[in-house]
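Sequence lines, in order, name chains A and B. Taking my numbering, the leading residue of the first sequence gets 1, the next gets one more, and so forth. Taking my numbering, the leading residue of the second sequence gets 1, the next gets one more, and so forth.
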Amino acid sequence: MIVEHPREYVINNLQYALNPKSIAVVGASRYSTKVGYKVVDGLRTWGYKGKIYPVNPRSEKVGGLDAYPTVKDIPDEIDLAFLAVPAHIVKSVLEDCVAKKVKIVVIATSAFKEIGRGTLQDELTQYCRDNKLPLIGPNLVGMGSPYLNFNCGFIPYLPIKGPVAMISQSGANLLAALGTSQKDHYGMSFFVGLGNKADVDFCEFVSYAGRDENTKCLAIYIEGLDSPDAFIEACQNVDKPIVTIKVGGSKIGEKAAFAHTASENFGTTDAFYDEVFEKAGAIRATTWQEFLDVSMALGMQPAPKGDNIVMITNGGGSGLLSCDHFERIGMPMHELAEISPSLPGRIRAYMPMFGSPLNPVDISGTASPVQYKGAFTQVMRDPNVHGILGSICPTAVTDVPAVTDLVIDIYDTYKHLGKPFIMECQGGEECQEAIMKLRDHGIPAYPTAEQAVNAMAALYKYGQMKQAK
Amino acid sequence: MSEEKHYTLGTDQQMAWKQINAFPPLGYGFTEPGTYGLDATEVAAYNVAKSFYQNYPEVWNIDYIAKETKLKKDDIKKRLKRMYDERLIMFVMNPNVGVYGWGLYYWIVKLKEGTDPAVKAEFSKWYQNKDDICTGYETEGDFDYFNGNHMRVLDNLLADVIQPWKDHPAVDYVHLCPIRGDVRESLVNQWHVPEDQYRKFVFGEEQLKKFFKVQKKIDKNDFAIIKAINGTKSVGDMFDFDVLEKLSGLDGKQMKKDIIECVDVRKFMLPMIYINYRKLGISMQMYLVRMFQNVPSYRKAEIVNEFAGMDEFVDIFQFGDSFYDCLLTVYAEINDVDAIRSKLENYAEIEEVWTAVSKRQFRRWVARLDDENGYWEECVMTDDFLQNRLEAGAPKCRFCTDPEEVK
């Protein structure tokens with residue numbers, strides 16, 4: 001349902017969705033294969049320290065915990081009620097939650113507006129609004145935070161700690177992002193599935209993420225915006241980078257988005273969403289990979305003050321892929337001499353005679369860690385250079401771990417200069433390990449040139465948008 | 001369509017299909033067109049009542065029950081709540097497997113004489129926890145178990161439900177008893193009875209008198225409430241649809257219309273109150289009947305129809321393609337079990353009657369009854385749809401994949 005503006009009581013109560021002291025799991029099951037069991041199990045397995053109250057009218061115990069017939073029967077205050085029950089039970093549980101003065105409810109249940117029960121969903125939403133009870137969902141997978149060891153939903157694992165708040169309408173894509181987090185070291189501050197977003201809207205989670213100290217960047221997966229004006233308002237009031245991906249724009253995707261999360265895109269166009277995101281000051285990604293790559297970079301690195309980006313590489317081919325892609329996306333690279341007239345001469349000392357002090361700077365396939373260090377330090381220290389893109393292409397003489405370590409060392413030493421530093425490591429196992437290590441140290445690193453260029457371009461774009469504010 | 005071929009189960013699509021065939025029923029595991037999913041909107045009334053009756057006895061049609069029983073409404077609600085809390089009753093639903101594409105395969109197991117009770121306890125534990133077994137009984141006598149599955153593929157039953165223990169040295173034999181006719185279950189007439197007998201709640205007067213003497217947990221008034229609920233002429237009288245609407249937010253009128261269509265008209269499923277005999281401290285006497293193989297099928301069916309007219313029987317199953325032809329049960333403590341055996345043996349067509357007594361039922365239509373394990377009313381619906389359980393490592397029902405659950 002439409003939200004005029006981000007609602008303060010909702011934003012305030014979102015803390016109880018992500019950091020509750022007590023949780024009622026309604027529909028908690030005794031069977032380890034059922035969703036209602038997984039919620040309780042996930043909370044306990046991942047180290048939730050608060051109180052868990054299973055609600056199940058058929059059992060006195062669930063997983064060794066005392067179970068209660070209804071929410072009203074729980075002898076304690078409840079911050080969060082998580083509902084994993086069939087749709088026909090939800091209304092009654094919401095009434096119990098209001099009576100119990102529960103602070104927020106999360107409804108995992110499907111079978112509402114997305115299957116034609118729009119009236120019922122709207123009635124329940126209005127009931128919650130009338131009673132100032134924020135409702136997240138329905139039709140979602142859950143939420144959590146690695147900083148709080150909080151995994152609430154039917155979610156197999158937590159992401160690693162990091163800067164990105166992942167706000168997703170899709171449960172499947174949210175879970176994919178969590179898997180990527182584990183596998184590819186994509187760090188998150190918190191994550192939430194919004195599902196049908198009947199009540200709590202994107203705008204309120206945007207506002208919440210803006211206040212969350214662990215969040216440095218917001219990544220938002222959207223199937224449809226019910227309240228674009230409120231979304232714009234919320235984004236404009238957040239002083240953090242925001243990356244969006246909007247799906248359901250194709251002819252058949254429009255129908256699929258409705259069937260999935262009851263998202264209504266009828267009458268909207270892709271251009272409409274371009275305009276919304278531009279007004280909001282959000283960077284729009286077009287592919288899932290770009291969405292993840294860009295949000296990671298924006299969460300880790302500052303924006304460059306200008307477009308003087310210098311690339312240091314030991315692979316000419318990698319450099320060519322990069323400079324072509326920079327130009328393709330409207331951010332052509334400048335030659336080194338244009339950026340800083342003395343820089344080519346200074347950087348010459350760190351390459352063989354057949355190297356190229358243009359831009360990209362090709363320090364050649366024989367580059368040693370000493371040469372990498374010298375070249376990186378020169379561009380880092382040059383005040384005319386606004387950002388550094390490094391590349392490792394392993395040859396038989398490339399010491400990838402040593403280069404990785406020195407990149408981390410240089411980044412730590414010169415972090416105070418506020419220049420973004422992005423790495424590309426194209427190759428096999430040793431490059432994958434290098435990427436993970438760099439990411440763990442706050443340096444966005446990617447396996448392909450285009451990914452690294454997209455990340456740098458997004459940082460630049462964000463910097464330009466901030467300046468224009 | 002001729003009157004002879006008319007029957008009310010199904011949709012126009014189904015009826016058209018039946019026009020093509022001289023004889024509509026097509027055996028075990030045949031899906032009829034037009035059935036509803038068990039969680040479909042059309043079944044919402046049952047699902048809402050099933051979800052709430054534990055805390056809200058007012059889901060039942062209290063006005064109707066009060067009229068039938070002459071009890072006060074508050075008293076009725078208290079009694080229903082107490083009977084549930086004491087695990088004496090459970091609200092259940094039997095889907096008409098004959099149209100849902102499942103075969104209903106019962107089977108009996110006999111362990112060898114002198115089997116260590118500890119070994120039998122292991123068998124019971126496995127059957128209790130094997131979720132594919134939707135209804136099952138532990139027994140003593142001529143056989144040790146009477147269990148049943150709804151499954152689509154007979155091979156899946158044999159490979160995944162029977163084979164794991166079939167070659168155990170303690171097993172004397174196992175016999176399959178596929179259901180040909182589901183006549184009565186848990187005191188309620190099912191599908192294979194004359195039209196006016198469908199959904200009839202059957203409890204003999206003589207048995208009832210003894211029932212109140214041999215147990216004290218369900219009194220006459222309690223029983224009158226159960227009888228009223230199970231005895232509604234239409235399922236539309238079973239619930240208070242205003243209450244169902246208030247609890248669920250769904251349209252009460254539509255729910256009523258849908259459930260009447262589903263239960264009364266199309267006969268896809270049958271909701272009812274189940275009485276938990278184990279909790280009452282009484283036992284179930286079973287008669288497994290084998291008729292001579294040269295008795296024509298029509299005569300076997302006639303005999304079963306005669307059993308359907310006898311009100312001492314709690315369950316009446318007719319089997320097909322089996323060594324055995326039917327299974328009958330009575331509550332042991334309120335019947336002369338020997339006299340019933342003699343009555344059965346007076347049929348010249350009956351070759352043999354095996355008997356066993358059951359003090360424990362594992363499940364009633366996928367709902368677990370084992371309160372002692374903390375699983376009371378845990379409903380686990382399994383389906384071997386699209387599964388090939390003969391393949392090692394092939395995907396199975398998700399409820400069969402947790403080793404802790406099936407051990």
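Note that CB positions come from ideal geometry on N, CA and C, so glycine has one too. All values derive from a computational prediction rather than experimental measurement.
What three-state label does DSSP hand His-6(B) in the structure shown?
The count along the second sequence starts at 1 and reaches residue 6(B) at position 6. Note that His-6(B) has pLDDT 49, beneath the 50 cutoff, so the model's placement of it is unreliable and the number below is only indicative. The answer is coil: DSSP assigns His-6(B) none of H, G, I, E or B.
Restricting to runs no shorter than 4 residues, where is the alpha helix (DSSP H) found entirely within the region 212-264 of chain B?
The region 212-264 of chain B contains these whole alpha helix (DSSP H) runs: 220-230, 241-248 and 252-259.
Below-7 Å beta-carbon distance, Lys-407(B) vs any chain A residue
For the purposes of this step, residue 407(B) is taken as the residue at position 407 of the second sequence. Confidence at Lys-407(B) is low in this model, with a pLDDT of 38, below 50, so its placement is unreliable and no value can be given for it.
Is Trp-129(B) helix, strand or coil when you go by DSSP?
Indexing the second sequence from 1 puts residue 129(B) at position 129. For the sequence presented, residue 129(B) should be read as Asn rather than Trp. In the structure shown, Asn-129(B) sits in a helix (DSSP, three-state: H, G or I).
Alpha carbon to alpha carbon, how far is Met-93(B) from Pro-271(B)? Give it in angstroms, no decimals.
What you label residue 271(B) is simply residue 271 of the second sequence in a count that begins at 1. What you label residue 93(B) is simply residue 93 of the second sequence in a count that begins at 1. Their backbone Cα atoms lie some 4 Å apart in a straight line.
So with CB distances below 7 Å, who are the chain A contacts of Val-43(B)?
Counted from its first residue, the second sequence places residue 43(B) at position 43. Per Cβ cutoff of 7 Å: no residues; Val-43(B) is ~10 Å from chain A at best.
Looking at the C-beta of Val-453(A), does it have a partner C-beta in chain B at a distance below 7 Å?
Stepping through the first sequence from its first residue, residue 453(A) is reached at position 453. With a threshold of 7 Å between beta carbons, Val-453(A) makes no contact with chain B.
Per the contact definition of three or more C-beta pairs closer than 8 Å, is the region 92-112 of chain B in contact with the region 145-161 of chain B?
Flag = yes, the region 145-161 of chain B and the region 92-112 of chain B touch.
Could you check what DSSP says for Tyr-460(A) in three-state terms: helix, strand or coil?
Position 460 of the first sequence, counting from 1, holds the residue named residue 460(A). Correct three-state label for Tyr-460(A): helix.
Return yes when the Cβ of Thr-35(B) is within less than 7 Å of the Cβ of Phe-307(B), no when it is not.
Taking the first residue of the second sequence as position 1, residue 307(B) is located at position 307. Taking the first residue of the second sequence as position 1, residue 35(B) is located at position 35. No. Outside cutoff.
Can you find a C-beta in chain A that's less than 7 Å from the C-beta of Glu-86(B)?
In the second sequence, counting from the first residue as 1, residue 86(B) sits at position 86. With 7 Å as the cut-off, Glu-86(B) does not count as an interface residue toward chain A.
What are the start and end residues of the alpha helix (DSSP H) that includes Gln-285(B)?
Counting from 1 along the second sequence, the entry for residue 285(B) is found at position 285. Gln-285(B) -> not in any alpha helix (DSSP H); beta strand (DSSP E) instead, spanning 284-291.
Listed by chain order, chain B residues near Leu-292(A) by CB distance under 8 Å:
Counted from its first residue, the first sequence places residue 292(A) at position 292. Those within 8 Å of Leu-292(A) in chain B number zero; the least Cβ separation is about 30 Å.
Could you check whether the Cβ of Asn-189(B) sits closer than 7 Å to any Cβ belonging to chain A?
Counting from 1 along the second sequence, the entry for residue 189(B) is found at position 189. No, no contact with chain A.
Please tell me whether Pro-163(A) and Gly-42(A) are closer than 7 Å, where the distance is taken between their beta carbons.
Translated into positions along the first sequence, residue 163(A) becomes position 163. Translated into positions along the first sequence, residue 42(A) becomes position 42. Pro-163(A) places its beta carbon 7 Å or farther from that of Gly-42(A).
Comparing C-alpha positions only, which one of Glu-278(A), Pro-75(A), Leu-225(A) and Phe-82(A) sits nearest to Leu-18(A)?
Position 18 of the first sequence, counted from the first residue, corresponds to residue 18(A). Nearest neighbour of Leu-18(A) by Cα position, chosen from Glu-278(A), Pro-75(A), Leu-225(A) and Phe-82(A), turns out to be Phe-82(A).
What does the alpha-carbon distance come out to for the pair Tyr-145(B) and Gln-432(A)?
Counting from one through the second sequence, the residue named residue 145(B) turns up at place 145. Counting from one through the first sequence, the residue named residue 432(A) turns up at place 432. If I take the Cα positions, the gap works out to 58 Å.
Name, in chain order, the residues that DSSP records as bridge partners for Phe-143(B).
Here residue 143(B) corresponds to residue number 143 of the second sequence, with the count starting at 1. As far as DSSP is concerned, Phe-143(B) takes part in no beta bridge.
Would Thr-268(A) pass as a contact of Ala-198(A) if the rule is Cβ separation under 7 Å?
Here residue 268(A) corresponds to residue number 268 of the first sequence, with the count starting at 1. Here residue 198(A) corresponds to residue number 198 of the first sequence, with the count starting at 1. Cβ distance not < 7 Å, so Thr-268(A) and Ala-198(A) don't count as in contact.
Show which residues of chain A have a CB atom less than 7 Å away from the CB atom of Trp-376(B).
Counting from one through the second sequence, the residue named residue 376(B) turns up at place 376. Correct list: Arg-58 and Ser-59.
Out of curiosity, what's the CA-to-CA distance linking Ala-177(A) and Ala-297(A)?
Taking the first sequence and counting its residues from 1, the one referred to as residue 177(A) is at position 177. Taking the first sequence and counting its residues from 1, the one referred to as residue 297(A) is at position 297. Taking the Cα positions, Ala-177(A) is about 15 Å away from Ala-297(A).
Would you report the Cα separation of Met-1(A) and Ser-168(A), rounded to the nearest angstrom?
Position 1 of the first sequence holds residue 1(A). Position 168 of the first sequence holds residue 168(A). If I take the Cα positions, the gap works out to 17 Å.
By the criterion of Cβ-Cβ separation under 7 Å, what are the contact partners of Lys-91(A) in chain B?
Taking the first sequence and counting its residues from 1, the one referred to as residue 91(A) is at position 91. The contacting residues are Leu-247, Ser-248 and Gly-249.
Between Gly-141(B) and Glu-312(B), is the Cβ-Cβ spacing less than 7 Å?
Here residue 141(B) corresponds to residue number 141 of the second sequence, with the count starting at 1. Here residue 312(B) corresponds to residue number 312 of the second sequence, with the count starting at 1. Judged by beta-carbon spacing, Glu-312(B) lies beyond the 7 Å limit of Gly-141(B), meaning their Cβ atoms are not closer than that value.
On a Cα-Cα basis, can you pick out the residue from Phe-385(B), Asp-336(B) and Tyr-324(B) that is closest to Val-174(B)?
Here the question's residue 174(B) lines up with position 174 in the second sequence. Of Phe-385(B), Asp-336(B) and Tyr-324(B), the residue nearest in Cα terms is Tyr-324(B).
Determine whether the Cβ of Pro-403(B) lies closer than 7 Å to any Cβ atom of chain A.
Taking the first residue of the second sequence as position 1, residue 403(B) is located at position 403. Note that Pro-403(B) has pLDDT 49, beneath the 50 cutoff, so the model's placement of it is unreliable and the number below is only indicative. The C-beta of Pro-403(B) comes no closer than 7 Å to any C-beta of chain A.
Check this for me: beta carbons of Ile-89(B) and Ile-76(B), under 7 Å apart or not?
Taking the first residue of the second sequence as position 1, residue 89(B) is located at position 89. Taking the first residue of the second sequence as position 1, residue 76(B) is located at position 76. No, Cβ-Cβ distance for Ile-89(B) and Ile-76(B) is not below 7 Å.
List the endpoints of the continuous beta strand (DSSP E) containing Tyr-331(B).
Taking the first residue of the second sequence as 1, we reach residue 331(B) at position 331. Looking at the DSSP string, the run of the beta strand (DSSP E) that includes Tyr-331(B) is 326-331.
Arg-30(A) touches chain B at which residues, Cβ-Cβ below 7 Å?
Counting from one through the first sequence, the residue named residue 30(A) turns up at place 30. Chain-ordered, the chain B residues with CB closer than 7 Å to the CB of Arg-30(A) read Gly-374, Tyr-375 and Glu-378.
If we call anything under 7 Å between Cβ atoms a contact, is Ile-11(A) one with Tyr-208(A)?
Translated into positions along the first sequence, residue 11(A) becomes position 11. Translated into positions along the first sequence, residue 208(A) becomes position 208. Judged by their CB atoms, Ile-11(A) and Tyr-208(A) are nearer to each other than the 7 Å cut-off.
Local conformation of Gln-361(B) per DSSP, three classes
Here residue 361(B) refers to the residue found at position 361 when the second sequence is read from its first residue. The answer is strand: DSSP assigns Gln-361(B) an E or B state.
Rounded to a whole number of angstroms, what is the C-alpha to C-alpha distance between Cys-177(B) and Tyr-137(B)?
For the purposes of this step, residue 177(B) is identified with residue 177 of the second sequence, where counting begins at 1. For the purposes of this step, residue 137(B) is identified with residue 137 of the second sequence, where counting begins at 1. Each residue's CA atom was taken as its position, placing Cys-177(B) and Tyr-137(B) some 14 Å apart.
Could you give the residue range of the alpha helix (DSSP H) that holds Val-379(A)?
As a working mapping, residue 379(A) is identified with position 379 in the first sequence. Per DSSP, Val-379(A) belongs to the alpha helix (DSSP H) from 369-381.
Could you please give me the residues that DSSP links to Leu-270(B) through a beta bridge?
Taking the second sequence and counting its residues from 1, one reaches residue 270(B) at position 270. Note: Leu-270(B) sits in a beta bridge opposite Asn-94(B).
Can you tell me whether Lys-246(A) is buried or exposed, with buried defined as 16 or more other CB within 10 angstroms of its CB?
Position 246 of the first sequence, counted from the start, is the residue given in the question as residue 246(A). A residue is called buried once 16 or more other Cβ atoms fall within 10 Å of its Cβ, and Lys-246(A) is buried on that count.
So what does DSSP say about Leu-438(A), is it helix, strand or coil?
On the first sequence, position 438 is the one that residue 438(A) refers to. It is helical.
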